[in-house]
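Working notes, structure below.
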Ligand code: TYD
Ligand code: MG
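Numbering (my numbering), first residue to last: 1 to 454.
Encoded structure:
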């Protein structure tokens, strides 16, 4: 029988039967590698007539109390976890190399250990001396965390079996190496096998495990997406280089709301919590300028205000530039198209730059109106009324759609000293806290009202 080859994408883990330059599942270029064929698995024949064990069926109602959670005491982390660490849970923390994952997890390990969890930190990347030096810098020298430096999965599992910790942190999953899998550490098969072993071990033994995964752009080693489906909670640690703010974002959580964020600041001695992100994101804002608009957003369960900045300038090139930091470039193209088609405001021949200040990344469609406002304000060289926040979703017809949690957005704006808001008509604005709200049915009305018919 001819040997079947499997080709796997290092970025998303999709497998195919032939090699190609671009992964059809995730669109990444040059990320497909040949893998040793997975085990043939059970025979291809059907199960046959042999009888198995009948399962005990139960109904959905239960008297079981929800699992007790352990709070680390780092409030930003506890919130992102959905209210503390759940016993026997598997958590993946992904992020770019150098963003601060090891720092965050060493601090988390120390906090959990101080709350009484028996905690083991396994580093596969750094020597013990390096980890200890970091602990020193973070002021965690006397935290009751047990440290090991190892990459051999079998040895790690044996250690965990004898030590029986309540929390194990594996930094990073890409350095782990299972001796029953014949491929290099960091390959899709190794990362999958190691993650599978560790998560099943954790579930069986009642231990929580936190896996660190590097996000890689070059496809040389398998990224964390390959194992997202195996774990209960997926957190991404993000931030812009050159900014000291770091955002821990839950993208999947079986034990709490997804989309929750925790905000941290990288300082000379570790990550410190940012309890009022809105104040922080707006702190560098000076007097209202054309192109600057404050967006009242919601991240998870929490309102976060941030500043959008746009610059529109005649383009020296035949193909005008569109550059975005912190927002989706496809969505920007859509807003530009709607402005042109529905309001007759063209951006042809103009370079457009859009930036979310402070290194924040916005994914909410509610930012549409704030983006449109920033673009128009930059194009017309007119500053928006000071102390006004903007939010609302724009549909392709040019109509404005009300967005969720309008009242929370307005309350946060009022709390931070804003006096007005521009919002779609139709949203619930009762508890607005004395804000002067301008309600707009569509984009044309908005342009007419704010920029005098454009
Ligand atoms: P690290 O946690 O090693 O990143 P990762 O594990 O995600 O690769 O952190 C790397 C960066 O953080 C490094 O450039 C130094 C910086 N840093 C600080 O600014 N302050 C600190 O207290 C620590 C420990 C690191
Ligand atoms: Mg690290």
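Note that beta-carbon positions come from the ideal geometry of N, C-alpha and C, so glycine has one too.
Extent of the continuous alpha helix (DSSP H) run through residue i
{"i": "residue 343", "result": "329-343"}
{"i": "residue 156", "result": "153-163"}
{"i": "residue 373", "result": "368-380"}
{"i": "residue 80", "result": "75-80"}
{"i": "residue 412", "result": "406-415"}
{"i": "residue 277", "result": "277-282"}
{"i": "residue 444", "result": "443-451"}
{"i": "residue 204", "result": "188-205"}
Short Cβ contact (8 Å threshold) for residue i with residue j
{"i": "residue 439", "j": "residue 424", "result": "yes"}
{"i": "residue 256", "j": "residue 82", "result": "yes"}
{"i": "residue 150", "j": "residue 122", "result": "yes"}
{"i": "residue 312", "j": "residue 350", "result": "yes"}
{"i": "residue 320", "j": "residue 353", "result": "no"}
{"i": "residue 202", "j": "residue 61", "result": "no"}
{"i": "residue 443", "j": "residue 338", "result": "yes"}
{"i": "residue 185", "j": "residue 175", "result": "yes"}
{"i": "residue 378", "j": "residue 291", "result": "yes"}
{"i": "residue 358", "j": "residue 245", "result": "yes"}
{"i": "residue 416", "j": "residue 282", "result": "yes"}
{"i": "residue 101", "j": "residue 237", "result": "yes"}
{"i": "residue 407", "j": "residue 401", "result": "no"}
{"i": "residue 261", "j": "residue 213", "result": "no"}
{"i": "residue 73", "j": "residue 115", "result": "yes"}
{"i": "residue 288", "j": "residue 127", "result": "no"}
heavy atom of ligand 2 below 7 Å from residue i C-beta
{"i": "residue 439", "result": "no"}
{"i": "residue 101", "result": "yes"}
{"i": "residue 125", "result": "yes"}
{"i": "residue 171", "result": "yes"}
Residue i versus the options, residue with shortest Cα-Cα distance
{"i": "residue 67", "options": "196, 206, 314", "result": "206"}
{"i": "residue 269", "options": "27, 107, 31", "result": "107"}
{"i": "residue 180", "options": "203, 158, 152, 162", "result": "152"}
{"i": "residue 342", "options": "248, 229, 398", "result": "398"}
{"i": "residue 157", "options": "54, 200, 138", "result": "200"}
{"i": "residue 297", "options": "335, 332, 365, 280", "result": "365"}
{"i": "residue 147", "options": "405, 131, 138, 266", "result": "131"}
{"i": "residue 91", "options": "169, 409, 294", "result": "169"}
{"i": "residue 215", "options": "55, 428, 31", "result": "31"}
{"i": "residue 85", "options": "71, 291, 129", "result": "71"}
{"i": "residue 118", "options": "209, 74, 382", "result": "209"}
{"i": "residue 369", "options": "295, 327, 306", "result": "295"}
{"i": "residue 434", "options": "441, 446, 420, 426", "result": "420"}
{"i": "residue 26", "options": "225, 55, 172", "result": "225"}
{"i": "residue 347", "options": "361, 249, 322", "result": "322"}
{"i": "residue 235", "options": "284, 35, 247", "result": "247"}
{"i": "residue 334", "options": "14, 367, 382, 233", "result": "367"}
{"i": "residue 145", "options": "20, 136, 110", "result": "110"}
{"i": "residue 229", "options": "266, 217, 196, 258", "result": "196"}
{"i": "residue 6", "options": "188, 64, 240, 65", "result": "188"}
{"i": "residue 34", "options": "159, 177, 422, 222", "result": "222"}
beta-carbon residue i near ligand 1 non-hydrogen atom, thresh 7 Å
{"i": "residue 132", "result": "no"}
{"i": "residue 224", "result": "no"}
{"i": "residue 266", "result": "yes"}
{"i": "residue 180", "result": "no"}
{"i": "residue 355", "result": "no"}
{"i": "residue 77", "result": "no"}
{"i": "residue 137", "result": "yes"}
{"i": "residue 213", "result": "no"}
{"i": "residue 95", "result": "yes"}
{"i": "residue 98", "result": "yes"}
{"i": "residue 269", "result": "yes"}
Any chain C beta carbon closer than 8 Å to residue i
{"i": "residue 266", "result": "Annotation note: the requested chain C is absent from the structure, which comprises a single protein chain."}
Where the beta strand (DSSP E) through residue i begins and ends
{"i": "residue 439", "result": "436-440"}
{"i": "residue 273", "result": "270-273"}
{"i": "residue 351", "result": "350-356"}
{"i": "residue 176", "result": "Careful: residue 176 lies outside any beta strand (DSSP E) and carries neither H nor E."}
{"i": "residue 420", "result": "420-424"}
{"i": "residue 322", "result": "322-325"}
{"i": "residue 9", "result": "6-9"}
{"i": "residue 262", "result": "261-267"}
{"i": "residue 388", "result": "388-390"}
beta-carbon residue i near ligand 3 non-hydrogen atom, thresh 7 Å
{"i": "residue 34", "result": "For the structure depicted, ligand 3 is absent and the ligand set comprises only ligand 1 and ligand 2."}
Secondary structure, beta strand (DSSP E): runs of 3+ residues fully inside the segment 289-319: 292-299, 302-314
3 or more residues per run - each beta strand (DSSP E) lying fully within the segment 85-160: 90-95, 119-123, 145-149
Complete runs of the alpha helix (DSSP H) confined to the segment 215-252 [at least 4 residues]: none
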